[in-house]
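Worksheet: one structure, shown below.
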Amino acid sequence: MNFFVIVLSSQLLYYLLITQTGVVGAFHSHIHDLYTLPIGGIIGALLSALLSHRFLKYELCVLFVVQMIISWIYPDYSLWMLLILGFVVGYTTPLLLYLFREQSKLYLSIGLAVSYVLGTALYTYPFDERGNIAIVLPLISMIALCFVRFESTQEVKKVPFEWTTLGVMMLWIFADSALFETLSRSGNMDIWSTYPLVIILSHLAGVYLAYRYGTELMKQTRIILILFIFSYMMYGLQIPWILTVIYPVVISYYNVLLFQTLIRLADIRLIGLSMIGVGWIATSVANAVALAHQIWIAVLVLGIFTLVYLFYLRRVS
Numbered sequence: 134m135n136f137f138v139i140v141l142s143s144q145l146l147y148y149l150l151i152t153q154t155g156v157v158g159a160f161h162s163h164i165h166d167l168y169t170l171p172i173g174g175i176i177g178a179l180l181s182a183l184l185s186h187r188f189l190k191y192e193l194c195v196l197f198v199v200q201m202i203i204s205w206i207y208p209d210y211s212l213w214m215l216l217i218l219g220f221v222v223g224y225t226t227p228l229l230l231y232l233f234r235e236q237s238k239l240y241l242s243i244g245l246a247v248s249y250v251l252g253t254a255l256y257t258y259p260f261d262e263r264g265n266i267a268i269v270l271p272l273i274s275m276i277a278l279c280f281v282r283f284e285s286t287q288e289v290k291k292v293p294f295e296w297t298t299l300g301v302m303m304l305w306i307f308a309d310s311a312l313f314e315t316l317s318r319s320g321n322m323d324i325w326s327t328y329p330l331v332i333i334l335s336h337l338a339g340v341y342l343a344y345r346y347g348t349e350l351m352k353q354t355r356i357i358l359i360l361f362i363f364s365y366m367m368y369g370l371q372i373p374w375i376l377t378v379i380y381p382v383v384i385s386y387y388n389v390l391l392f393q394t395l396i397r398l399a400d401i402r403l404i405g406l407s408m409i410g411v412g413w414i415a416t417s418v419a420n421a422v423a424l425a426h427q428i429w430i431a432v433l434v435l436g437i438f439t440l441v442y443l444f445y446l447r448r449v450s
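Quick note: the sequence shown uses my numbering, first residue 134, plus one each step.
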């Protein structure tokens with residue numbers, strides 16, 4: 134058994150069920166009650182990039198303990214506690230992605246598949262009652278971490294950092310988060326509450342397709358863009374049953390390739406700085422768009438990117 138997959142999937146679940154949806158839902162999406170969360174995340178990601186990490190295993194143990202302590206009072210968080218929560222998540226993620234650099238694409242796909250299956254199954258669990266989930270997930274991470282070995286056994290080839298790739302990753306996260314947050318607040322288009330089994334199967338299909346046929350993220354720009362455009366069209370036309378199949382596929386597909394791209398940087402500094410844009414800035418802007426009910430902004434951004442891609446990016450992707 135690969136215990137690192139358990140660590141990764143449990144932390145992804147923590148981000149999905151607690152940080153991304155649980156806290157936001159418990160605070161009824163009021164930005165003035167939540168704004169310190171992304172600030173803490175940016176600070177955490179920045180420090181993870183700037184500090185030296187000689188004892189990564191102990192750092193992660195401390196971070197998981199802090200997660201559990203914070204989770205005891207979930208969801209009764211002050212702005213300061215949200216700042217700490219964001220900091221812990223922001224600091225933890227780059228370390229995990231860096232340590233995952235020696236794992237294969239198969240293990241990454243398994244970790245994401247587990248998180249999507251359980252995340253979808255538990256999505257309808259009431260936001261205010263996720264305290265036990267918030268405690269159990271970092272506990273699982275810490276126990277699994279005890280069985281993980283960190284000794285480097287092979288030379289890891291680093292992939293050079295490219296600003297264009299970072300921009301495209303931020304675009305996918307923005308388009309995904311804006312549509313996700315909009316759908317989750319739409320009564321007749323809340324597909325997670327209506328079609329959970331179909332969504333789970335679609336997620337698994339997306340992960341498999343990315344593992345089997347997906348190559349580099351930039352080389353898959355066309356297919357990801359088409360799937361996102363089609364997803365937004367189905368939302369605009371109010372056709373949930375097609376959206377239920379297409380949207381989870383594109384989420385899983387691009388995320389496998391996106392995480393693979395970040396992991397292959399094999400440099401904590403680059404991963405941490407990239408996560409500021411990908412994990413916090415893009416999602417925060419998307420949340421603001423969704424909460425303001427201005428989904429047209431995401432449509433406009435996708436339209437502009439389509440033109441840019443047709444005239445420039447396809448030559449380099």
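Ideal Cβ positions, reconstructed from N, Cα and C, are used throughout, including at glycine. Predicted, not measured: the structure shown is a model, and the values here were computed from it.
Contacts around Leu299, its chain only, beta-carbon distance under 8 Å, and the 5 residues preceding and following it disregarded:
Position 166 of the sequence shown, counted from the first residue, corresponds to residue 299. Ser407, Gly410, Val411.
Closest to Leu145 by C-alpha separation, out of Ser385, Ala421, Ile401, would be which residue?
Working through the sequence shown from its first residue, we reach residue 145 at position 12. Of the listed residues, the one whose Cα sits closest to Leu145 is Ser385.
Quick check on the DSSP output: the alpha helix (DSSP H) that includes Ala415 runs from which residue to which?
Taking the first residue of the sequence shown as position 1, residue 415 is located at position 282. Here the alpha helix (DSSP H) through Ala415 covers 415–424.
May I ask which residues mark the beginning and end of the alpha helix (DSSP H) holding Lys238?
Numbered from 1 along the sequence shown, position 105 holds the residue referred to as residue 238. Its alpha helix (DSSP H) spans residues 238–255.
Span separating the alpha-carbon of Gly320 from that of Tyr191:
Translated into positions along the sequence shown, residue 320 becomes position 187. Translated into positions along the sequence shown, residue 191 becomes position 58. Their Cα atoms are separated by approximately 44 Å.
Reduced DSSP secondary structure (H/G/I, E/B, other) of Pro293:
The residue labelled residue 293 in the question sits at position 160 within the sequence shown. DSSP places Pro293 in coil when its eight states are reduced to three.
Asp261 classed as buried or exposed, judged by whether at least 16 other C-beta atoms fall within 10 angstroms:
Taking the sequence shown and counting its residues from 1, one reaches residue 261 at position 128. The residue is exposed, with fewer than 16 neighbouring Cβ atoms inside 10 Å.
Going by CA-CA distance only, name the one from Leu390, Leu218, Phe160, Leu230 that's closest to Leu170.
Residue mapping note: residue 170 aligns to position 37 of the sequence shown, counting from 1. Nearest option by C-alpha distance: Leu218.
Look up Glu192 in the DSSP assignment and say whether it is helix, strand or coil.
Here residue 192 is taken as the residue at index 59 of the sequence shown, counted from 1. Collapsing the DSSP output to three states places Glu192 in a helix.
The alpha helix (DSSP H) with Met214 in it runs from where to where?
Here residue 214 refers to the residue found at position 81 of the sequence shown. 212–232 is the extent of the alpha helix (DSSP H) around Met214.
Can you round the beta-carbon distance between Ile404 and Pro293 to whole angstroms, since I take them to be within the 8 Å contact cut?
Within the sequence shown, numbered from 1, the residue matching residue 404 stands at position 271. Within the sequence shown, numbered from 1, the residue matching residue 293 stands at position 160. The Cβ separation is near 13 Å, so there is no contact.
Between which two residues does the alpha helix (DSSP H) harbouring Gln144 extend?
If you number the sequence shown from 1, residue 144 lands on position 11. Taken as a continuous stretch (DSSP letters only), the alpha helix (DSSP H) holding Gln144 covers 136–147.
Short of 8 Å in beta carbon distance, which residues of its chain neighbour Ile172, apart from the five on each side in sequence? Order them along the chain.
To locate residue 172, count along the sequence shown from 1; it is residue 39. Within the same chain, Ile172 has close Cβ partners Leu216, Gly219.
Apart from the five residues just before and just after Tyr344, which ones in its own chain have a Cβ nearer than 7 Å to its Cβ?
Position 211 of the sequence shown, counted from the first residue, corresponds to residue 344. Excluding residues within five positions, the ones whose Cβ falls inside 7 Å are Lys238, Leu239, Ser242, Val389.
Sequence-distant residues of the same chain with beta carbon closer than 8 Å to Trp95, five excluded per side:
Only positions 134 to 450 of the chain appear in this structure, which leaves residue 95 out of reach.
Enclosing alpha helix (DSSP H) for Val389 [first to last residue]
What you label residue 389 is simply residue 256 of the sequence shown in a count that begins at 1. Taken as a continuous stretch (DSSP letters only), the alpha helix (DSSP H) holding Val389 covers 373–396.
For Asn265, the first and last residue of its enclosing alpha helix (DSSP H):
Locating residue 265 in the sequence shown gives position 132, where the first residue counts as 1. Start and end: 264–278.
Range covered by the alpha helix (DSSP H) that runs through Pro171:
The residue given as residue 171 occupies position 38 in the sequence shown. 169–183 is the span of the alpha helix (DSSP H), which, as asked, contains Pro171.
Rounded C-alpha distance that separates Leu179 from Gly339
Taking the first residue of the sequence shown as position 1, residue 179 is located at position 46. Taking the first residue of the sequence shown as position 1, residue 339 is located at position 206. Cα to Cα, Leu179 sits roughly 31 Å from Gly339.
Within the continuous alpha helix (DSSP H) that includes Leu150, where are the two ends?
Translated into positions along the sequence shown, residue 150 becomes position 17. Per DSSP, Leu150 belongs to no alpha helix (DSSP H) and is neither H nor E.
So Arg355 is in the alpha helix (DSSP H); what residue range does that whole segment cover?
Working through the sequence shown from its first residue, we reach residue 355 at position 222. Arg355 -> alpha helix (DSSP H) spans 354–369.
Buried or exposed, going by whether 16 or more other CB atoms sit within 10 Å of the CB of Val195?
Your numbering for residue 195 matches position 62 in the sequence shown. By the 10 Å Cβ count, Val195 comes out exposed.
Just to confirm my understanding: we take Val199, look at its own chain, exclude 5 residues before and 5 after, and list those with CB closer than 6 Å. What are they?
Residue 199 sits at position 66 when you count from the first residue of the sequence shown. Counting only Cβ-Cβ distances below 6 Å, and skipping sequence neighbours, we find Val221.
Among Leu230, Ile139, Tyr380, Phe444, whose alpha-carbon lies nearest the alpha-carbon of Cys100?
Residue 100 cannot be examined here, being either before or after the span of the chain that is shown, 134 to 450.
Please state the DSSP three-state secondary structure of Ile206.
As a first step, residue 206 must be located in the sequence shown, where it is residue number 73. In this structure, Ile206 counts as coil in the three-state DSSP scheme.
I'd like the list of long-range same chain contacts for Met322, defined as Cβ closer than 6 Å, with 5 residues on each side in sequence excluded.
Locating residue 322 in the sequence shown gives position 189, where the first residue counts as 1. Same-chain partners within the cutoff: Leu316, Pro373.
Whole-angstrom distance between Ala425 and Leu337, CA atom to CA atom
Locating residue 337 in the sequence shown gives position 204, counting from the first residue. Locating residue 425 in the sequence shown gives position 292, counting from the first residue. Their Cα atoms are separated by approximately 32 Å.
Taking His336 as part of the alpha helix (DSSP H), name the residues at either end of that continuous run.
Locating residue 336 in the sequence shown gives position 203, counting from the first residue. Unbroken alpha helix (DSSP H) run through His336: 329–346.
So what does DSSP say about His165, is it helix, strand or coil?
Locating residue 165 in the sequence shown gives position 32, counting from the first residue. In this structure, His165 counts as helix in the three-state DSSP scheme.
Cutoff 6 Å; reference Glu155; Cβ partners in own chain excluding five residues on either side
Within the sequence shown, residue 155 is the residue found at index 22, counting from 1. Glu is not the amino acid found at residue 155; the sequence shown has Gly there. Within the same chain, Gly155 has close Cβ partners Phe260, Arg263.
For Phe442, which of Arg397, Gln353, Ala311 has the nearest alpha-carbon?
On the sequence shown, position 309 is the one that residue 442 refers to. Note that residue 442 is Tyr in the sequence shown, not Phe. Closest option to Tyr442, Cα to Cα, is Gln353.
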